[in-house]
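Input: a single structure, listed below in structure tokens.
Numbering (full-length UniProt numbering), first residue to last: 1 to 131.
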């Protein structure tokens, strides 16, 4: 599979295969009475298991973020993230909030200034033509 989760799943599978091979070798060493070598390899197995768990937690974090991201949208006025299909009361609370209202005022003021500038520009050009 493509993407970071696919790569992590491949790495997890490789680590699992390595762990299985090492566990078989440890079992053989133990049956041959080579306890110290088996203990050394067991430390390596523990490190590989920790690495595998880290990859698994990273994969689940990425997947949960991606799932959450799909359910969000950006407010066109203030840029806040809104949950798609959220309760109307929460949407109303957002629309009446300080951040949203502030950005709405800024956008309205910018539009007014654009209109004023175009009017003044027209007046200036008109006066300049008749001078």
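Just so you know, even glycine gets a beta-carbon here, dropped at the ideal spot from N, CA and C.
So, are the CB atoms of residue 100 and residue 116 less than 8 Å apart?
-> Taking the first residue of the chain shown as position 1, residue 100 is located at position 100. Taking the first residue of the chain shown as position 1, residue 116 is located at position 116. Against a cut-off of 8 Å, the Cβ pair of residue 116 and residue 100 comes out as no contact.
Go through its chain and collect everything with a Cβ distance to residue 51's Cβ below 7 Å, but skip five positions before and after it.
-> In the chain shown, the residue the question calls residue 51 occupies position 51. The residues are 15.
Rounded separation between residue 56 and residue 7 - CA only = Counted from its first residue, the chain shown places residue 56 at position 56. Counted from its first residue, the chain shown places residue 7 at position 7. Going from the Cα of residue 56 to the Cα of residue 7 covers about 11 Å.
Could you tell me the distance, in whole angstroms, from the CA atom of residue 64 to the CA atom of residue 33?
-> Within the chain shown, the letter at position 64 stands for residue 64. Within the chain shown, the letter at position 33 stands for residue 33. When rounded, the distance between both Cα atoms is 47 Å.
Integer-rounded CB distance, given that residue 94 should sit under 8 Å from residue 80 | As a first step, residue 80 is located in the chain shown; it is residue number 80 there, counting from the start. As a first step, residue 94 is located in the chain shown; it is residue number 94 there, counting from the start. Residue 80 to residue 94, Cβ: 7 Å. Contact.
What do you reckon, are the CB atoms on residue 107 and residue 77 nearer than 8 Å?
-> As a position in the chain shown, residue 107 is number 107, starting the count at 1. As a position in the chain shown, residue 77 is number 77, starting the count at 1. Contact: yes.
Start and end of the alpha helix (DSSP H) containing residue 73?
-> Locating residue 73 in the chain shown gives position 73, counting from the first residue. Careful: residue 73 lies outside any alpha helix (DSSP H), inside the beta strand (DSSP E) at 72 to 74.
Alpha carbon to alpha carbon, how far is residue 26 from residue 58?
-> Working through the chain shown from its first residue, we reach residue 26 at position 26. Working through the chain shown from its first residue, we reach residue 58 at position 58. Roughly 29 Å between the two C-alpha positions.
Identify every residue that forms a DSSP beta bridge with residue 65.
-> Along the chain shown, read from residue 1 onward, the residue named residue 65 stands at position 65. Beta-bridge pairing links residue 65 to no other residue.
How many Å lie between residue 10 and residue 61 at the Cα?
-> The sequence position of residue 10 within the chain shown is 10, counting from 1. The sequence position of residue 61 within the chain shown is 61, counting from 1. When rounded, the distance between both Cα atoms is 17 Å.
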